[in-house]
Structures are given as structure tokens and as C-alpha cells.
Amino acid sequence: MDWTLGTIALRALGVGFLMSFVVITGFAYTTLLERKLLARLQGRVGPERAGYIPLPRKGKKERKLLGGVLQPAADAVKLFFKEDRAPDMVDTVIYNIAPMLTVIPAVLILAVIPWAPTLLKSSPYPYFAIAPGLQVGVLFILAVASIAVYGVALAGWASNSKYAILGGIRATAQMISYELALSLTVLPSVMLAGSMNLNDIVVAQEGLWFFLIQPVATLIFIIGVFAELQRAPFDLLEAEQELSSGYNVEYGSMRFGMFFMAEYMKMISFSAIAAVLFFGGYRGPFVDQVPLLGILYLFGKIFLGLCLMIWVRASMPRLRYDQLMNFGWKILLPLAVLNFVVTAIGIVLHSEGILNLPLPG
Amino acid sequence: MIQAIAPFLLIFPIVGALINGFFGRRIQNTGGPNKGELVSGWIGTLMSFAAFGVAIALFLALRNDYGPHIVTLFDWFNVGDFHVPWEMQIDRLSSVMLLVVTGVGSLIHIYAIGYMHGDKNFARFFTYLNLFMFFMLILVTGSSYLVLFVGWEGVGLASFLLIGFWFDKNRKIDGVYEGVLNSNASRKAFVANRFGDLFMILAMSLMFWTFGSMQFEEVFAAATHGFEAGDKSLPLILTLITLFLLLGATGKSAQIPFFVWLPDAMAGPTPVSALMHAATMVTSGIYLLVRSNVLLEIVRESGYELFGLVTTPELVAMTGAITALYAGLIAMTQFDIKKVLAYSTVSQLGFMIAAVGMGAYVAAMFHLVTHAFFKALLFMGAGSVIHGMEHGHHHLHDHGHGHDDHHDHGEADGHHVVAAAVHGHHDESSHDSAVVTHTAAAHDDHADHHVEDDFDPQDMRYMGNIKKYMPWTTTVYIIGALALSGIVPFAGFWSKDEILAHASFNFNGGDGGWIFRVVTWLLTAAAICTAFYMGRQLKMVFFGHERHEATYHASESNRHMVAPLVVLAVLSLLGGILNFPYFSEADATASLGHYAEPYESCGDGKIRECFSGGHGDSHGDDAHGDADTHAADDSHSDDAHAEDAAHGDDHSEAHDYGINLALEHWLEPALQSFELTEEHIVHLPHTAQSVQWRVAIQSTILAVLALCASFFFVYRGFNSESRKADDIDPLFTVPILSSFLTGMQRLPLDTLYMGVLRPIFNAFSWFCGIILDWDFYHDFVHEQLIRAPYLWFSGFVSKTLDRGLLDGGLVLGVGKLLRGFSGIYKNFQSGYVRNYALGLFLGVVGLVLYFILG
Amino acid sequence: MDEVTIGWYIALAAILFSMGALGVLVRRNALIIFMSIELMLNAGNLLFVAFARHLGDLDGQIWVFFTMTVAAAEVAVGLALAVSIFRNRDSVNIDDMNMMKG
Amino acid sequence: MGHPIVFLILATVAVFAAIGMLTSRNAVHSALYLVLNFCTVAVFYLVLNAPFISMVQITVYAGAIVVLFLFVIMLLGADQLPKASSNGGLQYILAIFATAGLATALILQLSGFGDGTAKPESALDASPEAIGTLLFQDYVFPFEITSLILLVAMMSLIVFKAQKRKKQDG
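Written as C-alpha cells, this is what we have:
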């Protein structure tokens, strides 16, 4: 295969389509996962009627295998066929754009995630991703994460509703606040790997996953991700009791669905990022021999990440708004700065040979 | 070690100043107004004490170590080939100064904590104190005249800041706010000091022009070298340099042409008076001259006479002696408790300058040290008294009585002399008219009776019998006064006597000419004055009867104020042992002979080199400009001495002499006049190292007599028994008149006094107060020759030129003209930001187009 | 027209800059004026980067950093001012801010 | 320096976004147009071999600055100004002429600068390492100064806030 500009673009399109398809399909089943797992954690059964395989049992009720496997499809159908109408006096253009603006960043992040070591021998890139040439992958993630706020904020504003705009303002403040801590905790991984390329970071974790070296950063990153995704316990902008579900209160039909689509896709992509930055990415046994295993490993880690998120949602109460802000600015941010400084000092001491730390390189 | 710790001398005070400067206000007011003042004060004090600790460490380090240590802090200027490093020179001379500055300074810090209690600018005060400390330490440790000059200017600044510290006092005196008077006083000090500094700069320029350096070491080496080589122009140049240095010193040390600022400087808080205007800053002139002893000695040796009349050392001695007597006479006529001390300081500084002029550098330093002790003690004691009086006065006000009584008494009694009480304030306030000394007689015509508002806690006439209310202060004050008067066991006796002994030696057996004869008599007279005015002050303040209601309510000052006083009292008592003389000539000679051994072992009189050889590490060859010539000296003796030092013999030698002449032995290596050629080695007159019995006895007797006389005369005036009957205004008792009157009634002897002595005394004091001080000499020059023409000129400029011609003719006319145009222009000022932005932008576009197209 | 030269970027930057300037001059909403200023800064930045590329020299990109920092600081302070002015005068119209009118 | 077609497309978008920002009645729309402009410029940066700056551009401008704008607009409800008496068309006319004049002059005079002498793309190593090295070696002083600027801005905001709070309390 000849790697000209055209073929690279073609390949990016192909890989992008493939991975997006996987993730978009995956998002649907993430909703199912959430509903089932949440139900289990709360001692319920969860959706089980749609698309089960009945296993008759002697003398008892039949057993439902794969109960609810078609539930996402049912949801989708329901959302698509609901009447799509907007309230009066909304800012039509923005009202329509806002849901898309929430989905786009969620998909964009996928571009830089390394799924596996290079799959094709002839590929000029050392790993398999949609856009493997971008050397500033970490920055890309931060950039995309930082524009993710537009969707929510604009949705809130354009709906011309008090609840919605309060939700939008809350979202803006919250995301700006937690983005700082999030960015600061990404940096230790960059420093340890000595590169902003995500694949380099994965490779640097060959011996030791970074969450072992950077437990604090990992913790803060995960908390930051919760805030960034506006999931429990940071889901103030859609707090039903206060804002009657906040920024999306005026939306219906699939526009409403797109907000959830974005949320679940961001859950996936941020799980992937967390895996890449702290949990060795696609690394696992035999991955060098069989590169395809990398994709499996990464999906496995993403799955665990999703489970963690759902588990937290099941167990944590929502924060109050002032608690949220205090926590972000007065605890997380100083802690992240401190961790950053300590890491930098540690790296310098290590490279000067004063301390012998188990660091890569 | 010296290299390592010396910088901390400067670091501690400046850190203290910065902390208090930036955060002081906050610290001070933590938890309420002035709640945190103790913290702020102790920060400053501890920094000062830390510097004191460093000074002690340096002192200990110098015990076995003679030569100067040069500590380079950083490069100051680097202009082409011209390098001025910022260096500290630590040697035995500067170590003595360091101990005095930091030690006395620290005590005064503590005192200030108590004295400034409740002041709303408490932290600022400590900032300034530490700043002063910083600059004073720069001055003392600088290794060149240039660095010294930085400190010199810096202490001037600190002094300015502190004299005017209460620039915002809004009590009115004669219609003028006291704060204005304070700031006027501070400006006066600043300007007077600048005159001295002008001569400092001249001296430095001349020095740089001649020797190409301002480093002490290099200048002295070059001067000595030139002198040995027989340079013909050198004596003239050095004479000029030393003359300028003298004039510089007169500015800072308040000697005769420029001393006018010091009495006015009493406007500052009392700790300032004690710290700067008695103990440390004013001594910097002495230090400068002692430091420059090599130059002075060369001039003396060369015998070059200015205008064919006097050599500069003789001029120095004359200046000091005349100032000593002159200021002593003025001090006798003062009624302000602090001004007596201020003039006394001037007088004592005159003693030191005179000692420097006679070549008695050690005696000068000795007197400097002891004077620092007891004058700080006296000032702070006076501050304590003032504090007590103010306290009493407030107390009085709170209880709302007393003043009316006073008024009535004044009226009923019908004594016009009551006015004396009032005119204490003219003393205070009239720095403008500069009538610093008044006698009661001069002011009878101004009699008015605002006794109530004119209470002045500093006026000695309001005091009396303080001993009953402030026992501690009284005790220490008496010790200080006796020390200052030169009564036998106290510190002042030993140091003053040493100066007098030197004078007498020069007079009787030495090679001094007629000038030293005059100097001797002047100093003796000044010593009598000293005893007299101190006795008078003691009497007026502490004994006799209470003369004002406030006195009854005076109370002892707080611990922070009393503790340093006690320490200083002990020092004043025992300070004499610093340089205890031998009692017989033989002992002294033996000691000298013994001590001279290391000199002789050096062979050809290069004594400094010889000392330096013992500690070659910190005093490298490069420190000496002429190291190569010295290195060629007898290397054998150098080695031998180095070995001695290695075995610690040096140490034991240096301490064989006990306490006798400790300071002299301590300082000798640092006084670089030893570095002259062999035949000129011993310029420090060693003859006075044993007690000059004749001088000692004579001066003691005179001092005691003067004390008794003062007690006798003043007693009459300020011991009015009738005070108890409440029928006479206590302030009526003007000393001369009342002593005369009471004397008349009781003793026939007083007839004589009345007829002969009193007119003479009155005339004389009038002469001192009015003619000398006002019309005739310094203030005449300042007020009439400088101030009046200046006022006239500024009046001309402001009234005639500015208001008349410029304002009236030009400005208003133009204004009227422009008003027409402005009506049009007004439309541009729409107040809309966009319009202005547009104007700006159009300008930018125009410029761009001009550059692109044009 | 077959190759993009630095001149193209200069032209683009000039246009963007002029639009920013125009925005500053004609808009009355203080916030939009701020945005216009940002636009002008961006035009400058673009030119910096273009020249960095043109000259093969990284320094131009460094200066973009500094511009961004200053822009961020300016926006933070400026918006705070706008908010407080709004609180006092209930408007962000700069024509209402004419206290300096002579 | 990029393909002409790419350039033209991006430039069109950028100018369109700038015009949109200028002419929008609604401040929120203006802000969104500004974001669009910033993103286009970021793509220009990518084309110009400055990926790092490009990402920083998006993070700082789109992610922080304009979000702040939006936040303030929403908070104040200042998206649309009430109709106010404009102070004259002269301002508009002069401004338009001046800016047009400036743009024309700049384009005409400067766009001929350094024709076709661009260095090859490989001449510019714009990796994060290179930028970091340059920033912390040659430009460390300006860098520290910018940190100071940010600090001052931060402090001014805090002071601002504190005063306001005091006023409210008092």
C-alpha cells in the first residue's frame, strides 16, 4: 500500500467510520449496561422484556436469557418517532445546533485514541488510531473537552426557559472549574512519558501502569471526568428536583436523545482516555505478538471504567452547588497542583540520579 | 567565619525593615487597633538583637585576628575599567562601632516598644528604626568612602524620617500645627546634613582624583607611600581632603558650623533622640575621622599649615573644643529637658572631635562608647520622665481639675514672671525664628497667661520632685548624670579624663603648640559646664517640690522602658573598665614594652603586615594594593610570626594585660597610622595611659564644685516652700531671679551675688542666648542671610511674577481667548468611548498610510 | 495562484484585523467590543504563525503564546469590569458609560 | 503553506465568521461566530505546521475565553441591547471608511512581501519539545513576565470581588 496523502485520508475515513460505528453502537448498549447494572445494584431486575430468549424450564416460569437485549433499539425507535416540536420564542438555529454540538466533541475525542499497536505491517504509523499522525494528542483531548461545554450551555440558553438557562450556567461554571484540575492531572503522564503523543504514553507504561506511580492524579482525573461528564455526583445541571432536569427540559424526541447519546459516548471516550493515560491503554499480555488483542484489552478497560461510573452513580448522592465549587477550587485544584509539582521534582531528582524511582525512561 | 556571617549584619535589619514595612500595619492591627504592636515591635527588636549577636560573633572572631577582613558582597559598579565592589571591612575599629550601634540600638528598640505604645504608626516607627540600623551598619562596615557615603546618606534619610515621625500631630502651638513644626525640624536636619555631605563629596572626589580609589586600604596605602616617597603636592591635597572630611563630620556630628539641626531634632520621638542624636548617628563623624587617622597623621607629620596658620589636625581640635564649650554654655540656659541633653551631646561630640584632633583616637573612641551608654541612658530617662508627665497630664484632664486653679494663682500672684512658663513653648515651636534659648528676662514683655493649654511635658519648670513618683528613672538618671559630669567611679570620668589628660600632655610636655594650650583650657571649661548643667537639670527635674499638678500624677514607666535603662545604667557605671588606665607610669611603659614586642619582631615597622601575616587566609595578598612591596620585607619574621600564631601564642599575648587599656590594645592594630615609616611609628601618644593624677584630681574637683554650685543656685529657685500654700504660681520660679530673691532674704552673701554675679550672669546668658545663638552667629546666617532673601525672592516670584504677570496677564488672557475656541472643540468631547476610539483609529490609519504611501 | 504565499496570509490577517477594528468602532455592546479586540489579536497571531512558517523560525509561535496569555488576562479583567458596570448601571452599552463627558 | 483551495475555503469561512460576528444583533450569536472564526484560525495553524499552537488556540480561546463571554452574557442577560439613540451616522461612515482604507492599504502594500520564498516545511520543528525548549531557554524571562501578568490579573479580580463583597456587607 502506498501512503500518499489521499490514501491516508481514505484510511482515516475508513478507520474513523469503523470505530465511530463501534462506539455509537456501543453507546446504545452502554445505556442498557447502565440500566441493568443500576438495577442490580439497587436490587431490581432492570429491563428484561425486550428481546429476550425464552428458556423454558420444567415446572417453573421460563427463564429469560439476554433479557433486554433489544431495549436500546426500542428506546431509539420511541425517541425517533416522538413528535419533534420546539417551544415558542426559542432561538431556532442554536436550539437545533446545540444537541449536535454536544455529540460532536464526544466523537472527536475518539480520533486520537490508540486502539492497538500497528495492525498493518506497511503502515507508517506505529499504532492503530483514526488520526495517528497527531503528535499533540493530549492537547487535542483537552481542546475538545474544553469545547464540549458549548452544547449544554447553548441548549440551556436557546431554550428560553429559566430552568434551562440555570442549567446551562451551572454547566459552564462547573466545566470551567473542573477542567483545570483535569488538565493538571493529565500532565504528570505527559511528563513521565516525555511525549504528548498518546501512543508514546501507552508505550511508556510497558513496565508499570501510571496509576501506580500517580495514584493521586488518577483519582483526581477520575473525579474530574465525572464532573466533565456531568454525571452523578456532579449532575447538578440536570438536577430534577431543582431544575426539573435542567438544560434539556425544553427538548423532545431525538434532540433530547442526542444529549444522552453524547453523555454515553463521552463516558466511553473518557474511559478510553483514562485507560490510555493511567491504565496502560491497549497494553496487556501478548499484545506485541498479536496486535489485535490490544483492541480487546482497551475495550475491556473501557468496560471496567463504565462499570465504575455506573457504580458511583448508584452509590453517591448529588453534591450541593457550593460544595461542588468548593471541592473543585479548594481541594481538587490545589491537590492537582501539588501533585504536579511533586511529580516534576521527582522526575528531576530521578534524572539527576539522586533518587531511584521506578520511572520509565 | 567572618566572611560567612558578616553579611548577616546587613541582612537582619533590612529584613526587619521590610517585614515591618510591608506587613507591619497588618501585624500591628491584628485583632484590633494596636493589638499586635508587641509582635511588630519585637520583630524589629529581635532583628536588631540578631545583628548584635553577629557583632558579638565578629568581635570574638577578631580577638586573635588583627587585620581588616574584606567581605565582598557584590559588584556595585562596573563601568569600563572602573570597578566598585560592595565590600564590608571588618576590623577592630568597625567591630567597636558595631557593638555600640547594635548593642545600644537593641536596647533602644526595647525601650521604643514601651515608649511608642499605642501610637497608630507603631510599625512604621520600627521600620524606620531597622532601616536606620541597616544604613548605620553600612556606614560602619563599608570598606570604602563610597560605601560609607551610602550609609552616611542613609542614616541622614532615616534621621529625616524619624525626626518628622509625628508630622501629623495636630496640636496647635502658637497657631501652627505641631506636626508642621516637626516636619520643619526634620527638613532642617536634612538640609543641614546635606551641607556637610557636600564636603564629603568634595573630599571623596579629591581622593579619587588623587589616588584613583576610594577604598580605605588603597587610599591609605597610596597616601603613606606618597608621603614616604616625599611627594611635594601631597600635603596640600591631604590637607584639603582632611579639611573636607572635617567639614563633612561637622555636619553629621553636629559641630560648629552645622550643629543647628541637632537641638531641633528633638522633635522626634525620644528613642530617636537617644539612638541617633546621642548614641550612634552623630558619632559617625567621629568614626569617619578616626577611620581617616592615617591621612590626619600624615598631615600632622608634614606640618602643612592652612593659610600658614593651623594644620588640619589642629583645626579639628579647635573645632571640637570650641563646640564643646559653646554648646556647654548654651545647655546651661535651656529649660527643655531634651534640649539640655541635645546641647550636651553637641558638647560631648566636641570633646571627641577635639580628641581626634589631638591624635588621641583611642580616647575619642573610648569617649564615644561611654557617651553612647550614658547619653542614651539620659535621653531615655528623659523620655521616661516626659512620658510620666504626659501621663500625669492626661490623668489631670480626665479628672477635669487643676487648670483653673493654676490660672487663678497666676493672676492672684501678680508675678509677671509667670510668662516664663509660657515661653517654654516658644522654645519648642520657634525653630523658625530659631530663638532656641530664651531667658525669662527676654520675654517679660510677652506675658500672657494661657497656662492651661500650654502645658509642656518637656519643660523642666513644670517638673520637680519626680524622684517621689518615678524612683527607677530617678536612680538611673542620676547615674547617667554623674557619668556625664565626670564624677569618679563612673564611665564618663575615665573617658573624659583621658581626653583631658591628652590635652594636658600636649600642653605641658608634648609637642603641641599654642593651639593645644587653648584647647586644653576650652575643654576644661566645657567639663565644668557639663557638670553644672547636669546638676541644674537633676535639681529641676527630680528634686525640690512639685510645681505642676501633672507631676502628682506622674507614674513610673512600663517594663519595656525601664529594663533598658537599668542595663544602660550598669554600663554607665562600669564602662570605665573598658580602658582602665594604669596607675603608674612604669606599669604603662612595661605594658607597652611588652606589647611592642610583636612590632619589633617585624623588623622594620611594617606592623600591619606583621599582624596580617598571622592570618593569611582571609587577608590575601590581593587585598593590599602594594602587596608586592610588602612581600619583599623580611620574610623570616613573617614566618616566625605565623608559627607563633599557629601555636596560639598570639592569643595569650594579646590578653596578658588584664583590663588595663583594653580598648587601646584592642584598637591599636586597626589604627593604621602605625603603618607610617619607622621613625614615625608611634603617633598615638602613649604617655597618658597611666593616670595623670594632676589632671584627674583637678577635673574631679572642678566637676564636683560645679555640681554643688548648680545645686546651690538652682535650689533657691526651685525649692519654693510656698508651693505648699498654693498661693504662688509654681512656674514663677525662674532660676536666676528666684535664687537671687531667696538668697537676698537669707544670706548676706547673696547681696554680692545679686550685685555682681547676677548681672554678669544675666548679661552672659543673654549674650549666649540672644547674641550668640540668634543674632550673632549661626542662626543669624541661616535666618537672615539665607532664609530672608529666599523668602523675598520666592515672594517676588510667586506674587509679582507668577500671580501678577503670568496669571493675570498671560494665563487669564489666553484663557479668555481660548474659551471662545473651546466652545467649538467641546463638541468633540462627546463622552462616547467609540468616538474617542475612532479618533485614535483615524490617527493610526493616518500614520499607517503615511508610512506606507509616503 | 498555484501556491499560497505569505502575502495571502497578510491579506487575510489585514481583513480580519480591520473587521475587528470596525467592530470596536461601531458596536455599542461592550462585550462585543471585547470580542472584536480578540479578533484583532487573532489576526495578529495568525500573522505570527504564518511568518514563523515562512521564515522557518519558531519564535513567532512563541509570541503567539504570550499574546494568548495577555488576551486571557485582559478578558478576565475586562469581563469582571463589565459585570460590575452592569451591576451599577444595568447596562453594557458603552454609550451609557459617558461619565467622562466634558 | 497549504493548498490554495484549502486556504480559500478556510479564509472564506473565517471572513464570513468575522462578518457574522460584526453584524449579529445577538451577542450570543456573535460569540458563536467568534468561536467559528477561532476554530478556522486553529485549522490555519494546523496547516501552517503549528499543531501545538492550534490546540492551545482552541483550548484557550474557544474553550476558555469565549466560554467566559457566553457565561457573562447569559449571566447578565445582555444578549440584546435595547434600542438606543445612536449618536449619528458620521461615526459609522468614518469608521467604515477608515477600516476599509486600512485594510486596502495593508493588503496592497504588504501582500507582496517575500514572494514565494517560504522555507520548506521541514525547516520548522514545531514539536512540543522544540517549543518548550525555546520557551524555557530563550524566552524564559518573557514567560515569567506573562505569569506575572496572569497573577496580577488574578489578584485584581480577587480584589474586585472582595470590594464588592465588602460593599454588600456594609
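Protein chains in written order, with my numbering: chain Z, 1 to 361; chain W, 1001 to 1854; chain D, 2001 to 2102; chain P, 3001 to 3170. Note that beta-carbon positions come from the ideal geometry of N, C-alpha and C, so glycine has one too.
{"Item": "Looking at the strands, I want to know which residues DSSP matches up with His1083 of chain W.", "Value": "W:Asn1078"}
{"Item": "For a contact meaning CB atoms closer than 7 Å, what does Phe1841 of chain W contact in chain P?", "Value": "Ala3098"}
{"Item": "I need the straight-line Cα distance from Ser1144 of chain W to Phe1244 of chain W, nearest angstrom please.", "Value": "16 Å"}
{"Item": "Spatial neighbours of Ile1241 of chain W within its chain, please: C-beta separation below 7 Å, excluding the five flanking residues on both sides.", "Value": "Ala1203, Leu1206, Met1207 and Leu1295"}
{"Item": "Please state the DSSP three-state secondary structure of Asp1634 of chain W.", "Value": "Note that Asp1634 of chain W scores a pLDDT of 38, beneath 50, so its modelled location is shaky; the value from the coordinates is reported in the next line. Coil, per DSSP."}
{"Item": "Three-state secondary structure (DSSP) at Phe1542 of chain W?", "Value": "helix"}
{"Item": "Tell whether a beta-carbon distance below 8 Å holds between Thr369 of chain Z and Val3060 of chain P.", "Value": "This structure leaves residue 369 of chain Z out entirely; chain Z is present only between 1 and 361."}
{"Item": "Less than 8 Å between CB atoms is the rule here; does Arg1834 of chain W satisfy it with respect to chain D?", "Value": "yes"}
{"Item": "If I follow the unbroken beta strand (DSSP E) through Leu65 of chain Z, where does it start and stop?", "Value": "Arg63 to Leu65"}
{"Item": "Take every Cβ of the segment 1316-1334 of chain W, pair it with every Cβ of the segment 1348-1359 of chain W, and state whether three or more of those distances are shorter than 8 Å.", "Value": "yes"}
{"Item": "Keeping to the same chain, check which residues put their C-beta closer than 7 Å to that of Ala3031 of chain P; ignore five residues upstream and five downstream.", "Value": "Val3066, Phe3069, Leu3070 and Ile3073"}
{"Item": "Could you tell me whether the Cβ of Asn2088 of chain D comes closer than 8 Å to any Cβ of chain P?", "Value": "no"}
{"Item": "With a threshold of 16 other CB atoms inside 10 Å of the CB of Val93 of chain Z, please say whether the residue is buried or exposed.", "Value": "exposed"}
{"Item": "Along the segment 2018-2031 of chain D, what residues have a CB closer than 8 Å to any CB found in chain P?", "Value": "Ser2018, Met2019, Gly2020, Ala2021, Leu2022, Gly2023, Leu2025, Val2026, Arg2027, Arg2028, Asn2029 and Leu2031"}
{"Item": "Give me, in chain order, the residues of the same chain whose beta-carbon lies closer than 6 Å to that of Ala1363 of chain W; leave out the 5 immediate sequence neighbours on both sides.", "Value": "Ala1355, Glu1498, Ile1499 and His1502"}
{"Item": "Under the three-state reduction of DSSP, which class applies to Asp1197 of chain W: helix, strand or coil?", "Value": "helix"}
{"Item": "Hey, Val2064 of chain D and Val2049 of chain D are a contact pair by Cβ (cut 8 Å); roughly how many whole angstroms apart?", "Value": "6 Å"}
{"Item": "Tell me, to the nearest whole angstrom, how far the beta carbon of Pro1564 of chain W is from that of Ile1237 of chain W; I am working on the premise that it is less than 8 Å.", "Value": "Not quite, the Cβ-Cβ distance comes to about 45 Å (not below 8 Å), so this is no contact."}
{"Item": "By Cβ distance, which residues of its chain are closer than 6 Å to Leu154 of chain Z, with the 5 residues on each side in sequence left out?", "Value": "Ile94 and Ala98"}
{"Item": "For Met2035 of chain D, decide whether its Cβ has a neighbour in chain P, counting only Cβ atoms nearer than 8 Å.", "Value": "yes"}
{"Item": "Less than 8 Å between CB atoms is the rule here; does Phe80 of chain Z satisfy it with respect to chain P?", "Value": "no"}
{"Item": "From Lys58 of chain Z to Leu65 of chain Z, what does the alpha carbon distance come to, in whole angstroms?", "Value": "16 Å"}
{"Item": "Counting contacts by CB-CB distance shorter than 8 Å, is Leu1853 of chain W in contact with chain D?", "Value": "no"}
{"Item": "Residue range of the beta strand (DSSP E) that Pro54 of chain Z falls in?", "Value": "Ile53 to Leu55"}
{"Item": "Per DSSP, what kind of secondary structure is Ser1144 of chain W in: helix, strand or coil?", "Value": "strand"}
{"Item": "Mind listing which residues of the segment 3035-3055 of chain P have their C-beta closer than 7 Å to chain D's C-betas, in chain order?", "Value": "Asn3037, Phe3038, Val3041, Phe3044, Tyr3045, Leu3048, Asn3049, Ala3050 and Ile3053"}
{"Item": "Tell me, please, whether the CB atom of Ala3018 of chain P is closer than 8 Å to any CB atom in chain W?", "Value": "no"}
{"Item": "Does the CB of Ile2010 of chain D have a neighbour CB from chain W at under 8 Å?", "Value": "no"}
{"Item": "Taking 7 Å as the cut-off, is the CB of Val1100 of chain W close to at least one heavy atom of the ligand GDP?", "Value": "Questions concerning the ligand GDP fall outside what the structure shown contains, since it holds no ligand whatsoever."}
{"Item": "Out of Z:Gly252, Z:Met191, Z:Lys266 and Z:Ala217, point me to the one whose CA is closest to Met351 of chain Z's CA.", "Value": "Correcting the residue type first, residue 351 of chain Z is Ser in the shown sequence and not Met. Cα-wise, what sits closest to Ser351 of chain Z is Z:Met191."}
{"Item": "Per DSSP, Asp2057 of chain D is paired with what?", "Value": "Asp2057 of chain D is not bridged to any residue."}
{"Item": "Compare the beta carbon distance of Leu2039 of chain D and Leu3034 of chain P with 8 Å and say whether it is the shorter of the two.", "Value": "yes"}
{"Item": "Roughly how many angstroms lie between the CA atoms of Asp1081 of chain W and Gly1212 of chain W, to the nearest whole one?", "Value": "12 Å"}
{"Item": "So that I know if they touch, is there some Cβ in chain W lying closer than 8 Å to that of Ile2094 of chain D?", "Value": "yes"}
{"Item": "By alpha-carbon positions, which one of W:Gly1383, W:Tyr1533 and W:Pro1013 ends up nearest to Val958 of chain W?", "Value": "This structure leaves residue 958 of chain W out entirely; chain W is present only between 1001 and 1854."}
{"Item": "Using DSSP's beta-bridge definition, name the partner residues of Pro117 of chain Z.", "Value": "Z:Tyr127"}
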